[in-house]
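J.: Numbering (the UniProt record's numbering), first residue to last: 1 to 307.
Beta carbons: idealized from backbone N, C-alpha and C, even for Gly.
(1) Compare the beta carbon distance of residue 157 and residue 69 with 8 Å and say whether it is the shorter of the two.
(2) Going by CA-CA distance only, name the one from 150, 74, 47, 80 that's closest to residue 212.
(3) Residue 308 and residue 77 look like a contact to me (Cβ under 8 Å); what is the Cβ gap, rounded to whole Å?
(4) Whole beta strand (DSSP E) runs in the segment 115-146 with 3 or more residues, listed along the chain?
(5) Pick from 175, 138, 145: whose alpha carbon is nearest that of residue 161?
(6) Give me the DSSP bridge partner(s) of residue 112.
(7) Going by other Cβ atoms of all chains shown within 10 Å of its Cβ, with 16 needed for buried, is residue 22 buried or exposed?
(8) On the DSSP bridge assignment, give the partners of residue 59 in chain order.
(9) Figure out for me which residue from 172, 29, 200, 33 has the closest Cα to the Cα of residue 117.
(10) If you draw a straight line from the C-alpha of residue 103 to the C-alpha of residue 38, how long is it?
(11) Is residue 111 close to chain C? Criterion is C-beta to C-beta, closer than 8 Å.
(12) Can you tell which of 97, 173, 168 has the C-alpha that lies nearest to the C-alpha of residue 81?
(13) Rounded to the nearest angstrom, what separates residue 289 and residue 147 at their Cα positions?
(14) Would DSSP call residue 202 helix, strand or coil?
(15) Can you have a look at residue 14 and say buried or exposed, based on whether 16 or more other CB atoms are within 10 angstroms of its CB?
(16) For residue 30, count neighbouring Cβ atoms within 10 angstroms of its own Cβ and tell me buried if that reaches 16, exposed if not.
(17) Select from 106, 198, 168 the residue whose C-alpha is nearest the C-alpha of residue 134.
(18) Answer with buried or exposed for residue 226, where buried requires no fewer than 16 other C-beta atoms within 10 angstroms of its C-beta.
(19) Let me make sure I understand the geometry here. Which of 89, 138, 62 has the alpha-carbon closest to that of residue 216?
(20) Who does residue 174 pair with in a DSSP beta bridge?
(21) Look at the alpha carbon of residue 17 and the alpha carbon of residue 198, and state the distance between them as a whole number of angstroms.
(22) Within its chain, find whatever has a CB closer than 7 Å to the CB of residue 166; leave out the 5 residues flanking it on each side and keep chain order.
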């Protein structure tokens, strides 16, 4: 070293590295702190990737259809669905449905079954959806008898009137915990084929997702979003825009902002009364969801109450 502030090139690279790590030079100190922070972030990312099998392993929830179990602004850790798959998973999908989870007591986010992140209709350029897997249907299956009537429009009396019935492909019927209808009858997606699933949600960190949402231009307000417009909960007496039961689809973004799904995707959804946000309860109906028990038109519930 020529002095305490600069390294002597004749001392070789080892001396230069030692100087870089020990000097109090202001400029070097700034870059050293930046480098150490970047390395720390990279290390955390590698650990999360090793645990999840996905990159990026974190998604930000952009709307409220999984309330109260996943909230807008939550940061959710997602894991590849086959990694550490539970015994209750449906065949080799790595995913436990609500129906099977109820049978064995398997829960995630305070309800039965896995919460999955999936691509709508398998479109890899679509905004990912984060909803709960309710039950499995086979291609061409009449799944009307499997469905919980609480999550169907009372006007639908049979498979012919039910959207996506018979099933156009094998896959999971899914639903947002706060939504009044299944995704497959609301026009959000066909039955979710296993190849469309990006992973299963494992745990959430409240509020941290807002960092990315705000960066993408969203505001942390309690306003409801319906077809991209702010809705006043006090005047939302028709449709499906009651507080915590928005028609917007709970969407997840790999570090990107995402759009809401309109309430008027289907005619039936557009005319649905204000939906309740009561917790899921299969015992309130005469047919157990996913089992396919027979039911009559009189067993369908009436208009759900407003939340």
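T.: Taking the geometry as given:
(1) In this structure, residue 69 does not lie closer than 8 Å to residue 157 by Cβ.
(2) Looking at 150, 74, 47, 80, the one whose alpha-carbon comes closest to that of residue 212 is 74.
(3) Outside the displayed range of the chain (1 to 307) lies residue 308, so it cannot be described from this structure.
(4) Taking only runs of at least 3 residues, the beta strand (DSSP E) segments lying wholly in the segment 115-146 are 115-118, 129-137.
(5) In this structure, 145 is the residue among 175, 138, 145 with its C-alpha nearest to the C-alpha of residue 161.
(6) Residue 112 pairs with 107.
(7) Result: exposed.
(8) Per DSSP, 76.
(9) Of 172, 29, 200, 33, the residue nearest in Cα terms is 200.
(10) Taking the CA atoms as reference points, residue 103 sits about 46 Å from residue 38.
(11) The displayed structure is made up of one protein chain only, and chain C is not part of it.
(12) The shortest Cα separation from residue 81 among 97, 173, 168 belongs to 97.
(13) Residue 289 and residue 147 have their C-alpha atoms spaced approximately 5 Å apart.
(14) Here residue 202 sits in strand by DSSP.
(15) Sixteen is the threshold: since fewer than 16 other Cβ atoms of the shown chains lie within 10 Å of the Cβ of residue 14, the residue is exposed.
(16) It is exposed - the Cβ of residue 30 has fewer than 16 other Cβ atoms within 10 Å.
(17) Of 106, 198, 168, the residue nearest in Cα terms is 106.
(18) Confidence in residue 226 is poor, its pLDDT being 28 and thus under 50, which makes the residue's placement too unreliable to answer from.
(19) It is 62 whose Cα lies nearest to the Cα of residue 216.
(20) Paired residue(s): 133.
(21) Counting only the Cα atoms, residue 198 lies some 43 Å from residue 17.
(22) Correct list, in chain order: 140, 141, 142, 159.
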